[in-house]
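Report on one structure; see the data block that follows.
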Amino acid sequence: MDETRSAESADRSVSGVRFKILGPIEVTSGDVPVRIPPGRQPIILGALLLEPNRVVSIDRLIDVVWPDDPPATARSQVQICVSALRHMFTGLGIEQPIVTRPPGYLLRVADGQIDSQTFTKLAAEAAAAQKEGQLEEAVALFRRGLALWRGRALGGGEGSVLRSAAVRLDEAKLAALETCIDLELKLGREQALIGELGSLVAEYPLQERLRAQLMLALYRAGRPAEALEVYQAGRKILVEELGLEPSEELRNLEAKILAEDPTLQPEPREEARNVETRPQVGPRQLPADIVDFTNRTTLIEQAEAAVLGDGSAEDDSAVRVAVIAGKAGIGKSALAIHVAHRVATKRFPDGQLYCQLGGTQRKPVTPSEVLGRFLRALGMPGSAIPDEVDERAEMYRSLLADRKLLVVLDDVATVRQVTPLLPGSGSCAVILTSRMRLTEIAGARVLDVSLLQPDHSMDLLGKVIGDKRVAGESTAATALVRMVGGLPLALRIVAARLAARPHWSLASMVGRLADERRRLDELSHGDMMVRASLLLTYEGLDPRAARLFRLLGSLPPGTFPGWVAAALLDEDPIEAADLLEQLVDMQMLDVTGPDLDGLPRYGFHAIIRLFAREQLARESREVRQETMARMLGGWLARAERAHRELYGGEYAILRGNALRWWPAAGDDPGALPVDPQRYLEAESVNLIAAVGQAADEGFDELAWELAVHLVSLFVVGGYVDEWQHTHDRALEVVRSARNRRGEAALLVSLGELYLTRGRYAAARAVLTPAQELFVELGDAHGLALARRNLAHIEYNEGSVELAFDGYSAALEGFRQVGSMAGQAHVLSKLAVISADQGNDDRATDQLGEALEICRESGNRRIEGQVLYKMGQVLLRQRRLEEADLVLGAALELVRANHELVGEGYVLYALGLTQAKLGRRAEARESLRQAVELRERILDHVGAAKIRVDLAPLLDDYDEPGAVADLVEQPRLARGERRVAGAASEVRRALESFTDPEHVTN
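So for the sequence shown, the numbering used here puts the first residue at 242; every next one is plus one.
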């Protein structure tokens, strides 16, 4: 076969497979990442992808891997690597794309299968549209191509050959980006480009074209001073690093800005009248679609019609609900997700929400928990989420009122479970799946999913194992389809096993199903029909993979990272990962997507997980407890590391004697990613479940340590319900075990929870016995925590002297045990008292000491709080320039820590400081941003108060309109009177406004 014929067959060879080199090298099958064997295989695959459908000689591959001094075994090592890559493709059930062609190998790839090909095509189409004057179309094409990039091409390239190719691709991206931005500037989109250009200039400081584009965008946006600052910053970099002055183009642009040259303004265009801004990206929570989804054509059309409606005004007035009902394993979830992907882009541009409600589990997910997840996904900070489910539902419906958004609720237990999760607006739609028909939901259209018809089952079997193989044994294939009874899950399992063993005949599989141990009549009795098919696959597993499968049955529902397998087996993570991949290959486990660190995550189908739990009973109780303790110890080790990195050591928690699990030797692929807060958020479901598992098993030390180590997650994420629930569960087990230190630690942590909710009586009720326990135990650290929290209560109840004494005692305790973060936090509290008493000098000293401690220990979260308080003190002392610098630093920190509420406070103080310095434009912008942040979390009272200070800075006096809007806003359940009062305060401020400069006095 020649190269032309190879290319012609590529469509069949790589159907459903995509190759990505515009970033780290990746292969996906149906949008699911495929694990590339580690080592030299990614390098060789990259070399083949750079020359698709062309023969790459072995000598060339040797040069790619060993550019300087190849070993004597280089040729055989290349052959081994290619063999490993071929094995990877074999597991995907496709025709082998890597073929041997002397003097090397050829990778058969269809047009558009490599992302770089798609990028090149889109860039060419964009250039053609630009030439024809179709600027909007050109920009859209450029942006589609640029969206394919995920970082540096080829991951930066390993070795000189790939590195040079990566540089060429990156240069092509930069050229396309610069051209695209030029076009967007012509379209008058400078406001939307400023943020992106600022990031690009920071990334490419020597790229003068990008710097010129940023200067032009700023000038057109009415910010000429900032444009000139960008020029001066660029000149300084060029002179210091290269000894060169800016180019003539850049110098000319500076001169035109200084001269306010009218030629800098864009040429008038009809389409530029309405300046475009990029829409905010909404939640995109849908799981991956199934590539080989088979038939169900009528059901798909009915479901789409139920979700999209007929377009009439009457149809648009109410939320549309489609209920997909049927027995377990029938394909309800797959159908719902498939339909959701099809309709998502047709009518729901604002995003999709998805949740698995666990209706078939012993403890289904509560509506309150789901609403908490959805509100956070919609951008609501945890601290702004109400406690009561009714209030959460009201906030949820308010946020969805003007959005076109699709909600998918999988595995619903009852109508009562799902009612609070239904939007109230006809602009949204809902897809539900359930074993029940849920006919009680008003206006819902119920769609019953039936078994697959024989011809549809045959189509599915052919897609998995290949049409040729089915046609070659058509009688046996017909028998297989009949024997599995049209149940999609059973058919997929049988087909996956045949795909993994191409040397097996279909007739041999028919013989296995005919065995009395796998009687087919079991397939007609609820779960039993699935169990028999699962047993077929389970019995074919390697013994070590089978044991891992059993142990994984101890995990709660949801996805999990690969290191969990290593902990259960107490083995090297790489070996455990190989066993996981065996389970994936046999369709007993799913790859659900990449982790934060790019490694795969895994998950069970709900029914397969139940089967694994049944098999777990084969292990003794001692073995089950031993493996569970290791796995929970792994979660504790990671939660502890995240807490340490966030706070620079132990802070607000105590350390116990529970087992921590890390791999015995070597690198840990599951080690904590760079951002500990993101890690805690991403793994919140597993970490919270781990507390319950520890309590169920009677692991009292593990239970309380896990619970208190999650406080950093609970505080920032606003996980109030989870905070209470985990601590209640842990308290049960520590009290049963008479673990007094664990009980005291949990009571202190619960006290902090009640403090954050303003429940001072409840806080005192748990903190007082905690303090007594710590005194009895002689625990200085715990006592300092209890005293600090009790001092919080005294301060908030107006007992300042008692608060001062409590904080001082806590400070001494933290110093005694060496808790740096504890000292910094208490010092900042003492500084507040000093400032309240008018002793600003002492407050400044205390804050300075706290700041020094934060920086020494690396505690960036408390550092941001300290800087904010320091800025307030400086502002009160009218040391305005210093306050401006300190508050600017605080703003950077709270933004880096993703603290929305804190950002609003800092922006407010910074805006007031800028106003007093006479920088009215900056002050106006800071206060506007502060208002927007308050309104994002539905804090209308706070937003209204900020408008009082913002009003005098407005040149166009458009604030009365904002006041009117505020008065007309839907009232918060418990704050209507306060909102109205704040609105009146703003109105009075505007009506009496006479001196535009009074804010600066």
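Even for Gly, the Cβ is constructed at its ideal location relative to N, Cα and C.
CA-to-CA distance, residue j to residue i, given in whole angstroms
i            : j            : result
residue 516  : residue 461  : Low local confidence applies: a pLDDT of 37 at residue 516 is under 50, so the model's placement there is unreliable, and no value is given.
residue 995  : residue 961  : 10 Å
residue 1102 : residue 336  : 53 Å
residue 876  : residue 844  : 17 Å
residue 1156 : residue 1191 : 9 Å
residue 330  : residue 338  : 8 Å
residue 922  : residue 1144 : 19 Å
residue 600  : residue 651  : 8 Å
residue 880  : residue 383  : 42 Å
residue 259  : residue 988  : 53 Å
residue 488  : residue 449  : 8 Å
residue 895  : residue 943  : 12 Å
residue 476  : residue 1131 : 29 Å
residue 751  : residue 334  : 20 Å
residue 502  : residue 365  : 34 Å
residue 1163 : residue 1107 : 23 Å
residue 779  : residue 421  : 54 Å
residue 387  : residue 412  : 12 Å
residue 1161 : residue 630  : 43 Å
residue 1166 : residue 1152 : 8 Å
residue 735  : residue 415  : 48 Å
For residue j and residue i, believed in contact at Cβ under 8 Å, the rounded distance
i            : j            : result
residue 594  : residue 524  : 6 Å
residue 531  : residue 575  : 5 Å
residue 1088 : residue 1111 : 4 Å
residue 1117 : residue 1081 : 6 Å
residue 817  : residue 803  : 7 Å
residue 984  : residue 1008 : Residue 984 to residue 1008, Cβ: 13 Å. No contact.
residue 642  : residue 666  : 5 Å
C-beta atoms of residue i and residue j nearer than 8 Å
i            : j            : result
residue 702  : residue 721  : yes
residue 563  : residue 547  : yes
residue 410  : residue 263  : yes
residue 977  : residue 954  : no
residue 1114 : residue 1084 : yes
residue 297  : residue 288  : yes
residue 315  : residue 303  : yes
residue 428  : residue 376  : yes
residue 1092 : residue 1141 : no
residue 832  : residue 1193 : no
residue 679  : residue 671  : no
residue 731  : residue 827  : no
residue 459  : residue 468  : yes
residue 1058 : residue 1032 : no
residue 379  : residue 451  : no
residue 565  : residue 544  : yes
residue 619  : residue 587  : no
residue 1035 : residue 1054 : no
residue 1041 : residue 1052 : no
residue 306  : residue 323  : no
residue 1158 : residue 1125 : yes
Test: residue i CB closer than 8 Å to a CB of chain C
i           : result
residue 970 : You won't find chain C in this structure, because it holds only one protein chain.
Between the stretch 814–827 and the stretch 850–863, are three or more C-beta pairs nearer than 8 Å? no
Mind pulling the alpha helix (DSSP H) runs of 4 or more residues that sit fully within the stretch 673–730? 695–706, 708–713, 715–724
4 or more residues per run - each alpha helix (DSSP H) lying fully within the stretch 1089–1168: 1101–1117, 1121–1137, 1141–1157
At which residue ranges does the stretch 804–832 contain complete alpha helix (DSSP H) runs of 4 or more residues, listed in the order of the chain? 804–810, 814–826
Counting Cβ pairs, one atom from each stretch, are 3 or more of them under 8 Å apart for the stretch 695–711 and the stretch 676–687? Touching, no.
Does the stretch 262–281 come into contact with the stretch 345–359, if we say contact requires no fewer than three beta-carbon pairs (one atom in each stretch) closer than 8 Å? Taking 8 Å as the limit for Cβ pairs, the verdict is that the stretch 345–359 does touch the stretch 262–281.
Stretch pair the stretch 1013–1023 + the stretch 915–935: three plus CB contacts closer than 8 Å: no
Which full runs of the beta strand (DSSP E) of 3+ residues lie inside the stretch 584–633, going along the chain? 593–597
Flag this pair as touching only if the stretch 941–949 and the stretch 967–976 have three or more C-beta atom pairs under 8 Å; answer yes or no. yes
Counting beta carbon pairs with one atom in the stretch 997–1014 and one in the stretch 654–661, are three or more of them shorter than 8 Å? Judged by Cβ distances under 8 Å, the stretch 654–661 makes no contact with the stretch 997–1014, as fewer than three pairs qualify.
Is it the case that the stretch 466–483 contacts the stretch 391–410, given that we only count it when at least three CB pairs across the two stretches are under 8 Å? no
Quick one: complete alpha helix (DSSP H) runs, 4+ long, within the stretch 351–391? 356–372, 376–387
Please give me, in chain order, every unbroken run of the alpha helix (DSSP H) with length at least 4 that falls completely inside the stretch 949–1002. Fully enclosed alpha helix (DSSP H) runs of 4 or longer: 952–958, 961–977, 981–997.
Entirely enclosed alpha helix (DSSP H) segments - the stretch 401–472, minimum 4 residues: 401–427, 431–444, 449–461
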